[in-house]
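K.L.:
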Amino acid sequence: MGEIDASSDSLVAICTYTLAFIFFRVLCKFFIHGACLKGEYCEFSHDWKDPPNNVCTYYKNGLCACGSRCRYKHVKVSEQPSLPSSSAPAQHLLSASPPTTLSPGMLADDAGPLSGISYEYMASGRPFYPANQPVRSENSEHHDVAEIDNTVELKIINPADQSICSFAAAGNCPRGENCPYIHGDLCPICAKHCLHPFRPREREEHMKTCEKRQKRLDILKYSQEIECSVCLERVLSKETAAERKFGILFECDHPFCISCIRNWRSGSTSSGVDMNSTFRTCPVCRKLSYFVIPSVIWYSTKEEKQDILDSYRAKLRSINCKHFDFGNGTCPFGNSCFYKHQYHDGHLEEVVLRHLGHEDASTVIAKNIRLSDFLGNLRIR
Amino acid sequence: MVDLARVQKELHECNRDVQVSGINVTLKGDSLTHLIGTIPGPIGTPYEGGTFKIDITLTDGYPFEPPKMKFATKVWHPNISSQSGAICLDILKDQWSPALTLKTALLSIQALLSAPEPDDPQDAVVAQQYLRDHQTFVGTARYWTETFAKTSTLAADEKIQKLVEMGFPEAQVRSTLEATGWDENMALEKLLSS
């Protein structure tokens, strides 16, 4: 692993290497292909005598996935023309410095876990130790240098720019007190150290999402206890996933599982009974409801019920009505239909106002035509 | 299919507080679809003191269809057939709701015993009597309760004693009485015809 290990000096060199292009004449790679649009204003050389830049930037930054097959030169950092480190501005360290302790092999092997958790580390330019690897370079001479370099760097920058220790945020930081990174404040809701002490907006956002999640968990816990009034079983403990759903009636607050209430409302089991006065009513309070709202959670307040209803209707609104069939058919529910009435060309069906001739010869526009108005008078034979 | 899980739950629930409600549901045979419910006659009515048996049959649609219920004990009531035991109660017909249970249905029947509806009769004769000659109605209802709804050992022994005195063997009398639901006259007829 020694070949990639870089001293702090060469680290600075890497970071500032990009700047070097401005000062060293390097052949323009667009010019090589005859496609440089900048012409004489190009920062790079359009002189064939100048050497082309075919140094692999990936290798230079610590890893190249192509390895020996790479068509660019794998040049060791020390071989690069280096600038005096004092000239390197500190912020470049932050934006460009790669994790210096990683060997290419390590990265390739640990590609899975790395892609998930290391993002933050990479961005902040901190040395990264995969959780399953021993922190072997802790004691090595070279690492100590990097460590010192890092702490110096941390002092310079604004604490708000530094990200918090994600070990601590996940629950347990192995370094404890000695950790050079900020340990987040304890979130009162999720009980994790994940509140950034210097980023008020991030704190607020975390609290908000945390609260939301907690609320949803509470609702779910509460919903677990609810029994269907028909089958007398806990709705969320039913056998199949399809059955683990509530059927909420619009007019009242009695809990049922979706299959029970649909079964009852279909009224298929009996005949000769008036649909509206019997099957459309709540089995418990006999209040007439015109539709059932499926939901995986139960509610405890009116607002929560409204939320469930709104999201359900919004979902249906996004689905094309099969009766309307892009204008080819007619929907018996008309304006009251919950589904989308859209034509093939994408425009929505316009709501046609109904003009009613009044007795005194004036015209009235019939507003708010509700499905329930018709259903109320409907008699199933 | 009958929701057997629900029936089992209902039975469990009902038999838990049988001491309070007095309402009991037991299996008739091996099947969960044939049950016997018992309700005590409401206090302050001619049915007081009696224990009424109700034959319950659950149809395939239960609980989305009402259970079929009829009195197995003879009872003198305007809304219950004195012949067949058929019950005229809306919740057992079009007003059934799947939120009702066997227990609540039996409670409703108990309520019907204390509040007859002679305007919507099942048994016209009883209803007529209820409206025209209330005194006689109460008397008959009480007599029927005494005769058919009381299965105290004393009453049973009395009946057996009576028939044995007529010259029938006791074992036969007992089995015939049991078969006819402790109806003395029917048992006598049966004994005579056999």
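From first to last, the protein sequence lines stand for chains A and B. Under this note's numbering, the very last position in the first sequence is 1716; numbers go up by exactly one each time. Under this note's numbering, the very last position in the second sequence is 430; numbers go up by exactly one each time. C-beta atoms are modelled at their ideal positions from N, C-alpha and C, and glycine is treated no differently. No experiment lies behind these values; they were computed from the predicted model shown.
(1) Give a yes or no on whether the minimum CB-CB distance between residue 1575 (chain A) and chain B is below 9 Å.
(2) Return helix, strand or coil for residue 1366 (chain A), following the three-state DSSP convention.
(3) Just verifying my parser: in three-state terms, what is the DSSP assignment at residue 247 (chain B)?
(4) What's the call for residue 1451 (chain A), buried or exposed, on a 16-neighbour Cβ count within 10 Å?
(5) Measuring alpha carbon to alpha carbon, tell me which of A:1585, A:1590, A:1617 and A:1690 ends up nearest residue 1648 (chain A).
(6) If you measure from the beta carbon of residue 356 (chain B) to each beta carbon in chain A, is any gap under 9 Å?
(7) Counting pairs of Cβ atoms below 8 Å between the segment 1546-1560 of chain A and the segment 1626-1638 of chain A, do you hit three or more?
(8) Please check the pair residue 1594 (chain A) and residue 1578 (chain A), which I expect to be a contact at CB under 8 Å, by giving their CB distance rounded to whole angstroms.
(9) Please identify the residue among B:278, B:297 and B:397 whose C-alpha is closest to the C-alpha of residue 378 (chain B).
(10) Could you check the C-alpha separation between residue 1619 (chain A) and residue 1542 (chain A) for me, to the nearest Å?
(11) Can you give the Cα-Cα distance for residue 1379 (chain A) and residue 1494 (chain A), rounded to whole angstroms?
(12) So residue 254 (chain B) is in the alpha helix (DSSP H); what residue range does that whole segment cover?
(13) Whole angstroms is fine: what's the gap from residue 381 (chain B)'s alpha carbon to residue 244 (chain B)'s?
(14) Excluding the 5 residues preceding and the 5 following residue 1664 (chain A) in the sequence, name in chain order all residues of the same chain whose CB lies nearer than 7 Å to its CB.
(15) Output, in sequence order along the chain, the residues in the segment 322-353 of chain B whose CB is closer than 7 Å to any CB in chain A.
(16) Please report the distance separating the alpha-carbon of residue 253 (chain B) from that of residue 348 (chain B).
(17) Residues in its own chain within less than 7 Å of residue 242 (chain B) by CB, not counting five upstream and five downstream?
(18) Starting from residue 1529 (chain A) and walking both ways along the alpha helix (DSSP H), at which residues does that stretch end?
(19) Go ahead and label residue 1521 (chain A) buried or exposed: buried means 16 or more other beta carbons lie within 10 angstroms of its beta carbon, across all protein chains shown.
(20) Between the segment 1527-1545 of chain A and the segment 1495-1509 of chain A, are three or more C-beta pairs nearer than 8 Å?
(21) So residue 1629 (chain A) is in the beta strand (DSSP E); what residue range does that whole segment cover?
(22) Is there at least one Cβ from chain B nearer than 9 Å to residue 1631 (chain A)'s Cβ?
(23) So for residue 338 (chain B), helix, strand or coil by DSSP?
(24) Residue 1697 (chain A) versus chain B: which residues are under 7 Å apart at the beta carbon?
(25) Should residue 1525 (chain A) be flagged as near chain B, meaning a C-beta pair shorter than 9 Å?
(26) Output yes if chain B places a C-beta closer than 9 Å to the C-beta of residue 1621 (chain A); else output no.
(27) What's the C-alpha gap between residue 1582 (chain A) and residue 1518 (chain A)?
(28) What is the residue span of the alpha helix (DSSP H) that residue 373 (chain B) lies within?
(29) Answer yes or no: do residue 1400 (chain A) and residue 1407 (chain A) have a C-beta to C-beta separation smaller than 9 Å?
(30) Can you name the residues that DSSP bridges to residue 1521 (chain A)?
(31) Between the C-alpha atoms of residue 1695 (chain A) and residue 1628 (chain A), what's the straight-line distance to the nearest angstrom?
(32) Once DSSP output is grouped into helix, strand and coil, what is the label at residue 1664 (chain A)?
P.N.:
Per the coordinate set shown:
(1) no
(2) helix
(3) helix
(4) Unreliable placement is indicated for residue 1451 (chain A), whose pLDDT of 40 sits below 50; the coordinate value is still reported in the next sentence. Residue 1451 (chain A) comes out exposed.
(5) In terms of CA proximity to residue 1648 (chain A), A:1585 leads the group A:1585, A:1590, A:1617 and A:1690.
(6) no
(7) yes
(8) 5 Å
(9) B:278
(10) 40 Å
(11) 38 Å
(12) First-last of the alpha helix (DSSP H) with residue 254 (chain B): 254-257.
(13) Those two C-alpha atoms are separated by around 31 Å.
(14) The residues are 1658.
(15) 330, 333, 334 and 335
(16) 21 Å
(17) Within its own chain, the residues whose Cβ lies closer than 7 Å to the Cβ of residue 242 (chain B), once the five positions on either side in sequence are excluded, are 299, listed in chain order.
(18) No alpha helix (DSSP H) holds residue 1529 (chain A); the beta strand (DSSP E) holding it covers 1528-1530.
(19) Answer is exposed; the Cβ neighbour count stays below 16.
(20) yes
(21) 1627-1630
(22) So, not an interface residue.
(23) DSSP places residue 338 (chain B) in helix when its eight states are reduced to three.
(24) Neighbours of residue 1697 (chain A) on chain B: none; closest Cβ ~45 Å, over 7 Å.
(25) Judged by the 9 Å Cβ criterion, residue 1525 (chain A) is not in contact with chain B.
(26) yes
(27) 46 Å
(28) 370-380
(29) For residue 1400 (chain A) and residue 1407 (chain A), no; Cβs fall outside 9 Å.
(30) A:1528
(31) 43 Å
(32) coil
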